[in-house]
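Protein chains: 2
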Amino acid sequence: MTASTPRADLVDAAALDLTRDEHLREQCIQSEQAYRGHFLDVRRDVVRLPDGEQAPREYVRHPGAVMIVPILDDGRLIMERQFRYPVGQSFIEFPAGKFDAHEGGLVCGMRELREETGYTAKRWARAGVMHPVIGYANEVIEIWFATGLVAGERKLDDGEFLDVFAASSDELDAWARDGLLTDAKTLVGMLWLAQWRAGRWPLTWQDVAQP
Amino acid sequence: MTASTPRADLVDAAALDLTRDEHLREQCIQSEQAYRGHFLDVRRDVVRLPDGEQAPREYVRHPGAVMIVPILDDGRLIMERQFRYPVGQSFIEFPAGKFDAHEGGLVCGMRELREETGYTAKRWARAGVMHPVIGYANEVIEIWFATGLVAGERKLDDGEFLDVFAASSDELDAWARDGLLTDAKTLVGMLWLAQWRAGRWPLTWQDVAQP
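Shown next, in the form of structure tokens:
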């Protein structure tokens, strides 16, 4: 093996102060709406950089979303398959959907799971959040786990078409390894699932009464 | 434990034909540029849905990007910390950057790693791709692993400010568990790293001559 050479000035993680980022921060000087469509809300801002210079910043404003990792008693996951027009292909995904106005994460997760798959869940746990597009959107996705699943009728939005199916985590892993599962949020859900099952990333469960 | 009830009509993954998605596909009827800024290129299309109805679709056109998982000989990873204005906070990330015109994945990965961190790498492996924003962008991120790292001078773009540091995968895992690491692409890189180190997702390495 060829030895590699680290930088003499390479900082170790232990020396990082994650509470301080003044040397990196950008301040908003000016903000305007650049485009407002049926769906996309694009902002165009001017920022002051850490060195005092100015720069433009454009990004999509997003209401945020919830992704659900729904686990059947036999350990399989409830998954969806949906055509995603921007990319031009169908994707295997965990159920997910955008927040309605003034909606909390659990309420949004319960609603989206029921509408898209027909399932309600008796126990829920909020794993954490992810930021899928930090370069050009403010979107945040809350990650919720759901167990105690009970089947019911699904209620898709007009114009929404998707397959619902069950898969084991071994099947998801094989699809990801082989390039058949490439949706980033779903891959992050698989990371959370593996770490939780290995006892490394704990979850705090709450019982939820069905509406 | 309360028993859950799967849907009687729940399809098992083994019954899925992933090569067929005619019942999900949307066809482009019309396409126009909705907005073109310094950075964002927004399209507004009309599509024909599987049931024959029409619907609008808006999305960001993106050149694609490469993310690098750079591994030192002692197993630590070369990481960055950068302020991301759309979200308004600093993020711990694997090095990444957008494609320049006509640039392949390896060339882009070598360039971005060198410019942002100063490192060159003797061995590279293409793990796969991820799609971070399937709802409203066509962005694809190639995931490359890099070893045999040799330090050099970094060359940041004007107005680019970032910390470079080394961290173990245990440190990354703890940050993700505690909500301090939430960038989706980086979490997907951690999934690939864990699966590769566990011998489950293999990589094919190539030696690369330094320029």
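These protein sequences, in sequence, are chains A and B. Each residue of the first sequence is one higher than the one before, starting from 3 at the first, in this note's numbering. Each residue of the second sequence is one higher than the one before, starting from 3 at the first, in this note's numbering. Every residue gets a Cβ at the ideal spot worked out from N, C-alpha and C, and that includes glycine.
- Burial check for Q84/A: the Cβ neighbour count within 10 Å reaches 16 or more, so the residue is buried.
- A straight-line Cα-Cα distance of about 18 Å links V190/A and A98/B.
- The beta-carbon of W207/A is placed no less than 8 Å from the nearest beta-carbon of chain B.
- Against chain B, the CB of V210/A has no partner CB under 8 Å away; the residue lies outside that interface.
- A contact is defined here as three or more CB-CB pairs under 8 Å, and the region 157–171 of chain B fails this definition with respect to the region 169–188 of chain A.
- Scanning the region 134–182 of chain A for uninterrupted beta strand (DSSP E) segments of 3 residues or longer gives 143–152 and 164–169, listed from N- to C-terminal end.
- Under the Cβ criterion (8 Å, minimum of three pairs), the region 44–55 of chain B does not count as touching the region 98–114 of chain A.
- Listed by position along chain A, the residues whose Cβ is nearer than 9 Å to that of F167/B are L12, V13, D14, A15, A17 and L18.
- For P58/B, the chain A residues whose Cβ falls inside 9 Å of its Cβ are G39, H40 and F41, in order along the chain.
- Beta-bridge analysis with DSSP links A127/A to F147/A and W207/A.
- Assignment of Q212/B by DSSP, reduced to helix, strand and coil, places it in the coil class.
- Look at V62/A here: in three-state DSSP terms it is strand.
- S33/A is bridged by DSSP to D47/A.
- In the structure shown, the three-state DSSP call for T122/B is strand.
- In the three-state scheme derived from DSSP, where H, G and I count as helix and E and B as strand, V13/B is classed as strand.
- When 7 Å is used as the limit between beta carbons, I136/A is near these residues of chain B: R86, P88, V89, F93 and D185, in chain order.
- For A127/A, no chain B residue has a C-beta closer than 8 Å to its own C-beta; the minimum C-beta separation is roughly 14 Å.
- Counting along the chain, the unbroken alpha helix (DSSP H) around G191/A starts and ends at A186 to R199.
- Proximity of chain B to M192/A at the Cβ level (cut-off 7 Å) is accounted for by L193, in chain order.
- Rounded to whole angstroms, the separation of the alpha carbons of G181/B and F41/B is 29 Å.
- With respect to chain B, the C-beta atom of A103/A has no partner C-beta closer than 8 Å.
- For P72/B against A127/B, the beta-carbon gap comes to about 12 Å, at or over 8 Å, which does not count as contact.
- Just measuring C-alpha positions, the residue of Y87/B, A15/B and D165/B sitting nearest E141/A is Y87/B.
- Listed along the chain, the chain A residues whose CB falls inside 9 Å of the CB of R83/B are L18, L20, D23 and L26.
- In chain order, D175, A178 and R179 make up the part of chain A whose C-beta sits under 9 Å from the C-beta of W203/B.
- Under the 10 Å beta carbon count, H133/B is surrounded by 16 or more other beta carbons and is classified as buried.
- For L158/B, no chain A residue has a Cβ inside 8 Å of its Cβ, as the nearest lies near 11 Å away.
- Annotation for G39/B: no beta strand (DSSP E) segment contains it, and DSSP assigns it neither H nor E.
- H104/A and P65/A have their C-alpha atoms roughly 10 Å apart.
- Of the candidates E162/A, T149/A, R45/A and S6/A, T149/A places its Cα closest to the Cα of T206/A.
- Sorting F93/A, L183/A, D165/A and R78/A by C-alpha distance to the C-alpha of F147/A places R78/A at the top.
- The beta carbon of V152/A is closer than 8 Å to those of Y121, T122, A123, K124 and Q212 in its chain, skipping five residues each way along the sequence.
- For M69/A, no CB of chain B lies under 8 Å from its own CB, so it is not counted at the interface with that chain.
- Positions of the beta strand (DSSP E) runs, each at least 3 residues long and wholly inside the region 75–118 of chain A, are given as 79–86, 91–95 and 98–100 in order along the chain.
- Between the beta-carbon of M69/B and that of I143/B there is about 5 Å, and that keeps the pair under the 8 Å contact cut.
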